[in-house]
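Some notes on the structure that comes next.
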Amino acid sequence: MERRVMDIEDRQISLERGRIARQADGAVIVRQNDTLVLVTAVAAPKARDDIGFFPLTVEYQEKAAAGGRIPGGFLKREGRASEHEILSCRLIDRSVRPLFPPTFRSETQIIATVLSADDTAEPEVLAMIGASAALQISDIPWGGPTAGVRIASRGGRLIPFPTREERLDAELDLVVSVGREGLVMVEGQAREIPEEHLVEALLFAQQCAEPILAAQEAW
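Be aware that the sequence shown starts at -6, since it is given in my numbering, and climbs by one per residue.
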């Protein structure tokens, strides 16, 4: 088992591999406080020659048990993916898909499962980091690593990996995927803010991504 710990401002995130899901091409557990996300990456050994696109499937699962609950209703079982889970899948997809070779045609799956969750971390951003790390340690051809970073701004102060409470009244809430050559994906919402503050937030996201990228490259 190998573990990497990254300190980003006053937040701490860790990457761990080699403990579970060892039959996957790549498997990583990402942790921030009591939030843990398992991300696995698997690719078919043979490419498909009957399609003209890259068959990448991304799944993101937040099970009720991760929060210490039992699903409500008569069946007491997990239902279909929620809107939040679907949007989280798209976040992960857009942060890794551009870095695959354009001619790569092997069926590839990235599955992120939230093992436990609290209100101090956003598991979908940890899943973005885990997807990159799982691909990075696998034999799947990929041009990463990338680092998922969430930045909030409150009163002009930039906060990396904010808690849900810190995001409630933020004037800027950004999710950024950062690679070695620059920004890969940006998504967010904001009130009316100066353009200079947005640029400052993007540069800050790149700064916060540096230890995450370095930890993956060390593997």
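Beta carbons: idealized from backbone N, C-alpha and C, even for Gly.
Per DSSP, which one or two residues make a beta bridge with residue i?
{"i": "Ile152", "result": "Ala145"}
{"i": "Met178", "result": "Ser170"}
{"i": "Ala105", "result": "Val32, Tyr53"}
{"i": "Ala120", "result": "Note: Ala120 sits in no beta bridge, so no partner."}
According to DSSP, is residue i helix, strand or coil?
{"i": "Ile130", "result": "coil"}
{"i": "Ser75", "result": "coil"}
{"i": "Ile22", "result": "strand"}
{"i": "Asp27", "result": "coil"}
{"i": "Ile205", "result": "helix"}
{"i": "Ser7", "result": "strand"}
{"i": "Arg98", "result": "coil"}
{"i": "Ala211", "result": "helix"}
{"i": "Glu2", "result": "coil"}
{"i": "Ala40", "result": "coil"}
{"i": "Ala183", "result": "strand"}
{"i": "Ala114", "result": "coil"}
{"i": "Glu164", "result": "coil"}
Tell me whether residue i, by its Cβ, gets closer than 7 Å to a heavy atom of the ligand FMN.
{"i": "Arg87", "result": "Here there are no bound small molecules, and the ligand FMN is not part of this structure."}
Is it buried or exposed, residue i, if we count other Cβ atoms within 10 angstroms and call 16 or more buried?
{"i": "Glu158", "result": "exposed"}
{"i": "Ile122", "result": "buried"}
{"i": "Ser88", "result": "buried"}
{"i": "Gln216", "result": "Beyond the ends of the chain as shown, which are -6 and 212, falls residue 216; an answer cannot be given."}
{"i": "Asp0", "result": "exposed"}
{"i": "Asp27", "result": "exposed"}
{"i": "Ile44", "result": "exposed"}
Does the count of Cβ pairs from the region 6 to 15 and the region 82 to 97 closer than 8 Å reach three? no
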